[in-house]
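J.:
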Amino acid sequence: MSTPAIELSHVTKIYRRYGGRQFATLKSALLQRSILKDLQASETFPALQDVSFSVPHGCTYGVIGRNGSGKSTALKLVAGITKPTEGTVRVDGRISALIELGAGFHPEISGRENVFINGIMLGLTKKEIEQRFDEIVEFAELQEFIDAPVKTYSSGMYMRLGFAVAIHVDPDVLLVDEVLAVGDEGFTHKCLDKFAEFRRRGKTILLVTHSLGLVERFCDEALWLEDGRAQGHGDPKRIVGAYLTAVEKGEDTLLATTTARAVAAVNAAPPEPPPPAKPETAQPEGELRNMFEAVEGRWGSREIEITAVTLIDHHAQPSFVFHSGDPMSIRLTVVAHSPATDFVFGVSLFNVDGVCCYGTNTFIEQMDPLRFEGEANITFAIESLDLVEGTYKLDVAVHNCDGYPYDYHRQLYTFRVKSRVPDAGIYRPRHHWTFEGAVTFKSTAKADV
Amino acid sequence: MLSNLARLVRYRGLIQSLVARELKARYRGSVLGFLWSFINPLLLLLIYTFVFTKIIPNRNELAQPYAVFMFCGILPWNWFSSSLMEASGSLVSGGNLIKKVLFPAEILPLVSVLANMVHFFLGLTILIAFLIYYQHWPDLAGLFWFPVVVLIQLIFTSAMSLFLAALTVHYRDIRDLLSNLLMFWFFATPIIYPWQDENVKIYRWVFQMNPFTHLAVSYQEILFFRGPVGQASWLLGLGAGSMLLFFATYWFFDRLRDSFAEAV
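In the order they appear, the protein sequences are chains A and B. Mind the numbering: the first sequence is residues 1 to 449 in the numbering used here, read in order. Mind the numbering: the second sequence is residues 1001 to 1264 in the numbering used here, read in order.
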């Protein structure tokens, strides 16, 4: 327990780009006798910067982070495939890396022969492989096909065999890079069981994954990498939470710019619907007139104008990311350029497929318009946003009772609903389960959703 | 570097199975399979025999039967040139392995050399069959030298392979350069003409600069010409030189090792 199984201290990895050295350089390299010197970097890219962490023996350690945050680089450094530019990497015990499954397979020869060669490559002896051979084949569920050439395998079979070999190397330290997506449900469970067995036997696992649920359920500790830097490590629940918040913030910014761009695009177009489209404007005006087409756009006479649309979360802050079940308010700022007596305010929500999830307006809800002049703030408050996870678009409109549009904003506003439960459909009714009789679940089951 | 060399010994099981795989995979799916290793040199030898006895008979009395003489040089040359060609591309085509699996990269070029050595041995059986057919018995004392020549060629070829493989990772033009260079090298080596020829003697010192001359001539002296192995001292010198070259190129390979995973 004294020495950690994996220890990285102040590790920096800088990838070099060998760009612009494609032609005629061998000649110059030879002439100037600078072959070795010429292999120096022309451009550099830091994949990891000053990352330190240590994994004690028997610990399951999760590494999370966005694409390109350096997770796989960290794993390769631990595996010893690449060397750190600065800092030290120390690993105690035999490593097996589930990085690229079946990387060493030769397509022309049989699965059986490939198991042997792959096993030797991963550090087993012939005898050890012979002992484990049946187990490997059974685990990969390939008994019938083990003597067929690997080129005839489906990609799933290929991966399963690769996984089976790698996991039977019986390492002290197992490195796993996002490989649980290799089979059907049954196989995935088998892999998880195998990991659990590893844990029980006190082996160390370093897990790189985007599956945050797996990290929370499985890992003793987690590390969050962001742009090659360690953003935090410790309790997986806390790290995953912090990571999710950051991701949401990122998404929020992204959605804000998407929305801003959509609004800017339609505002750049001339406000009146009928005039023939000016060729130099980017907005395809002709298409916008059909209000049943799910094309984003804005049209209407603008006698009454919607000047701003804001989505408000439960902290009363403008936001673009909401949690399923949280309250959401849609606030419209509307200006009547002349006093109006015939007006209807409406909103509707669409999912990405263009399906209207909900739509209503003041006319349907039997509010008789009387008079509206000047500027007004209108808030449409949803007490509980009972939608499943996904991206949604919003229509807001002001028109008269006959449907003549004053200002119609078609799918200009995008927001995202997040959920910790991967349920299906569109609508998530408030629900709970009741079990009468002898039905029990493990305590990890989530109580209320 | 020395510890890396020692590690190579630990990986001999892997080298062995990779060579076996290479040989198996080459003929997998063909009907005649492994027989091709015999058929290829056999057909080559038959063609040479026909061309050089019937079409353009080679009258050089030093080298009769000419086809057999030529074959003594071509077999080791093929081992050498195929090894270099395959080895130079081995790191690039095996890039998947280098990037994803932890194992010493020098195994790949060495496997190319060894797999081609096996082919050389298989081709040798055809040569022996023809020597028997022509009743052309080599000197028994000379045969003692045979394993020595093979060993020296192995070391020399391995050294060259390591160098070329490492360099090809960074300069892909090596492959094209190499095929042309090998063509030139082939004609600069006394393989299709005997070393004792009057015309060759004039340029003897030039030929002696070519390391493969000593290998080719030694094979011919052992297997074809009756008489003592006149190249012995040159050969041993080449052996020593090859060892030095091997260490030098291994050092070079070791220097570049860390760049492979990123550059392939």
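All residues carry an ideal CB built from backbone N, CA and C; glycine is no exception. Predicted model only: the values in this text are computed from it and were never measured.
1) I'd like to know whether the C-beta of B:Gly1095 is nearer than 8 Å to at least one C-beta of chain A.
2) Can you tell me whether DSSP reads A:Cys401 as helix, strand or coil?
3) Sort B:Phe1252, B:Arg1175, B:Phe1184 by Cα distance to B:Ser1083 and report the nearest one.
4) What residues are listed by DSSP as bridge partners for A:Asp177?
5) Starting from B:Lys1201, find everything on chain A with Cβ-Cβ shorter than 7 Å and list it in chain order.
6) Listed in chain order, which residues of the stretch 101-121 of chain A have Cβ atoms closer than 7 Å to some Cβ of chain B?
7) Does the beta carbon of A:Met291 come closer than 8 Å to any beta carbon on chain B?
8) Could you tell me whether the Cβ of A:Glu285 comes closer than 8 Å to any Cβ of chain B?
9) Going straight from the alpha carbon of A:Val63 to that of A:Leu207, what length do you get?
10) Spell out whether any CB of chain B is found under 8 Å from the CB atom of A:Gly80.
11) When the Cα atoms are used, what is the spatial distance from A:Leu254 to A:Arg201?
12) Please report how far the alpha carbon of B:Pro1076 lies from the alpha carbon of B:Ile1107, in whole angstroms.
13) Within the 8 Å Cβ cut-off, does B:Glu1262 reach chain A?
14) Pairing CB atoms from the stretch 1165-1180 of chain B with CB atoms from the stretch 1253-1262 of chain B, are three or more of them under 8 Å?
15) Could you check if A:Glu365 is buried or exposed, using at least 16 other CB atoms within 10 Å of its CB as the buried criterion?
16) How about the stretch 217-237 of chain A and the stretch 81-100 of chain A: do they share at least three Cβ pairs that are nearer than 8 Å?
17) Do you know whose CA, among B:Phe1207, B:Met1085, B:Leu1124, lies nearest B:Ile1039's CA?
18) Below 8 Å between beta carbons is the criterion; list the residues of the stretch 1229-1258 of chain B that meet it against any residue of chain A, in chain order.
19) To the nearest angstrom, how far is it from the Cα of A:Asp326 to the Cα of A:Phe380?
20) Using the Cα positions of B:Val1149 and A:His10, report the straight-line distance between them to the nearest angstrom.
21) What would DSSP say about A:Pro273, mapped onto helix, strand or coil?
22) Closer than 8 Å by C-beta to A:Val169: which residues in its own chain qualify, once you throw out the five before and the five after it? Chain order, please.
23) Is DSSP giving B:Ala1063 helix, strand or coil here?
24) With a threshold of 8 Å on Cβ separation, who are the neighbours of A:Ala256 within its own chain once the five nearest residues in sequence on each side are excluded?
25) Might you give, ordered along the chain, the residues of its own chain that have their beta carbon closer than 6 Å to the beta carbon of B:Pro1211, omitting 5 neighbours on each side?
26) Can you tell me whether A:Gly297 is helix, strand or coil according to DSSP?
27) What does A:Ile99 touch in chain B if you count any residue whose Cβ is under 9 Å from its own?
28) In chain B, what lies closer than 9 Å to A:Pro429 by C-beta?
29) Roughly how many angstroms separate the alpha carbons of A:Val335 and A:Tyr408, rounded to a whole number?
30) How about A:Pro273: is its C-beta nearer than 8 Å to some C-beta of chain B?
31) Quick one: grab the DSSP three-state call for A:Asn377.
32) Keeping to the same chain, check which residues put their C-beta closer than 8 Å to that of B:Tyr1231; ignore five residues upstream and five downstream.
33) Taking buried to mean at least 16 other C-beta atoms within 10 Å of its own C-beta, is A:His233 buried or exposed?
34) Just how far apart, CA to CA, sit B:Ala1020 and B:Pro1109?
35) Specify the secondary structure class of B:Asn1210 as computed by DSSP and reduced to three states.
36) Leaving out five residues before and five after A:Glu141 in sequence, what residues of the same chain have Cβ atoms less than 8 Å from its Cβ?
T.: This is what the structure holds:
1) For the purposes of this step, residue 1095 of chain B is taken as the residue at position 95 of the second sequence. Chain A, which has no Cβ nearer than 8 Å to the Cβ of B:Gly1095, makes this no.
2) Along the first sequence, read from residue 1 onward, the residue named residue 401 of chain A stands at position 401. The answer is coil: DSSP assigns A:Cys401 none of H, G, I, E or B.
3) Position 83 of the second sequence, counting from 1, holds the residue named residue 1083 of chain B. Here the closest residue by C-alpha is B:Arg1175.
4) Along the first sequence, one-based indexing puts residue 177 of chain A at 177. According to DSSP, which records beta bridges pairwise, A:Asp177 is partnered with A:Val208.
5) Translated into the one-based positions of the second sequence, residue 1201 of chain B becomes position 201. Under the 7 Å cutoff, chain A gives no residues; its nearest Cβ is about 34 Å from B:Lys1201.
6) Ala103, Gly104, His106, Glu108, Ile109, Glu113, Phe116, Ile117, Ile120, Met121
7) Walking along the first sequence from the start, residue 291 of chain A turns up at place 291. Residue confidence is low: A:Met291 scores 43 on pLDDT, short of 50, so the model does not pin down where it sits. No coordinate-derived value is stated.
8) Within the first sequence, the letter at position 285 stands for residue 285 of chain A. In this predicted model, A:Glu285 has a pLDDT of only 42, less than 50, meaning its place in the structure is not dependable; the value taken from the coordinates is given anyway. No, no contact with chain B.
9) As a position in the first sequence, residue 63 of chain A is number 63, starting the count at 1. As a position in the first sequence, residue 207 of chain A is number 207, starting the count at 1. Whole-angstrom Cα-Cα distance: 6 Å.
10) Your numbering for residue 80 of chain A matches position 80 in the first sequence. Yes, contact with chain B.
11) Against the first sequence, residue 254 of chain A aligns to sequence position 254. Against the first sequence, residue 201 of chain A aligns to sequence position 201. Taking the straight line joining both Cα atoms gives about 45 Å.
12) By 1-based counting over the second sequence, the position of residue 1076 of chain B is 76. By 1-based counting over the second sequence, the position of residue 1107 of chain B is 107. C-alpha separation (whole angstroms): 22 Å.
13) Here residue 1262 of chain B corresponds to residue number 262 of the second sequence, with the count starting at 1. Yes, B:Glu1262 lies at the interface with chain A (some Cβ there is under 8 Å from its Cβ).
14) yes
15) As a position in the first sequence, residue 365 of chain A is number 365, starting the count at 1. The residue is exposed, with fewer than 16 neighbouring Cβ atoms inside 10 Å.
16) no
17) The residue labelled residue 1039 of chain B in the question sits at position 39 within the second sequence. Of the listed residues, the one whose Cα sits closest to B:Ile1039 is B:Leu1124.
18) Arg1255, Leu1256, Asp1258
19) In the first sequence, the residue the question calls residue 326 of chain A occupies position 326. In the first sequence, the residue the question calls residue 380 of chain A occupies position 380. So the two alpha carbons sit approximately 14 Å from each other.
20) Here residue 1149 of chain B is taken as the residue at index 149 of the second sequence, counted from 1. Here residue 10 of chain A is taken as the residue at index 10 of the first sequence, counted from 1. For B:Val1149 and A:His10, the distance between alpha carbons rounds to 52 Å.
21) Here residue 273 of chain A corresponds to residue number 273 of the first sequence, with the count starting at 1. Its pLDDT being 47, under 50, A:Pro273 is placed unreliably by the model, and nothing is read from it.
22) Within the first sequence, the letter at position 169 stands for residue 169 of chain A. Arg94, Ser96, Gly119, Leu122, Gly123, Leu124.
23) Taking the first residue of the second sequence as 1, we reach residue 1063 of chain B at position 63. Here B:Ala1063 sits in coil by DSSP.
24) Your numbering for residue 256 of chain A matches position 256 in the first sequence. Excluding sequence neighbours, A:Ala256 sits near Phe320.
25) Counted from its first residue, the second sequence places residue 1211 of chain B at position 211. Leu1238, listed in sequence order.
26) Taking the first sequence and counting its residues from 1, the one referred to as residue 297 of chain A is at position 297. Reduced to three states, the DSSP call for A:Gly297 is strand.
27) What you label residue 99 of chain A is simply residue 99 of the first sequence in a count that begins at 1. Those are Lys1099, Lys1100, Val1101, listed as they occur along chain B.
28) On the first sequence, position 429 is the one that residue 429 of chain A refers to. Near A:Pro429 there are no residues of chain B at all, since even the closest Cβ is about 47 Å away, more than 9 Å.
29) Walking along the first sequence from the start, residue 335 of chain A turns up at place 335. Walking along the first sequence from the start, residue 408 of chain A turns up at place 408. Each residue's alpha carbon lies about 13 Å from the other.
30) Here residue 273 of chain A refers to the residue found at position 273 when the first sequence is read from its first residue. Here the model assigns A:Pro273 a pLDDT of 47, short of 50, so the residue's position is not dependable, and the following value carries that caveat. No, A:Pro273 does not count as interfacial toward chain B.
31) The count along the first sequence starts at 1 and reaches residue 377 of chain A at position 377. It is a strand residue.
32) By 1-based counting over the second sequence, the position of residue 1231 of chain B is 231. Rather than Tyr, the amino acid found at residue 1231 of chain B in this sequence is Gln. Excluding sequence neighbours, B:Gln1231 sits near His1214, Val1217, Ser1218, Glu1221.
33) By 1-based counting over the first sequence, the position of residue 233 of chain A is 233. By the 10 Å Cβ count, A:His233 comes out buried.
34) Here residue 1020 of chain B corresponds to residue number 20 of the second sequence, with the count starting at 1. Here residue 1109 of chain B corresponds to residue number 109 of the second sequence, with the count starting at 1. Going from the Cα of B:Ala1020 to the Cα of B:Pro1109 covers about 14 Å.
35) For the purposes of this step, residue 1210 of chain B is taken as residue 210 along the second sequence, with counting starting at 1. Correct three-state label for B:Asn1210: coil.
36) Along the first sequence, read from residue 1 onward, the residue named residue 141 of chain A stands at position 141. The residues are Arg160, Phe187.
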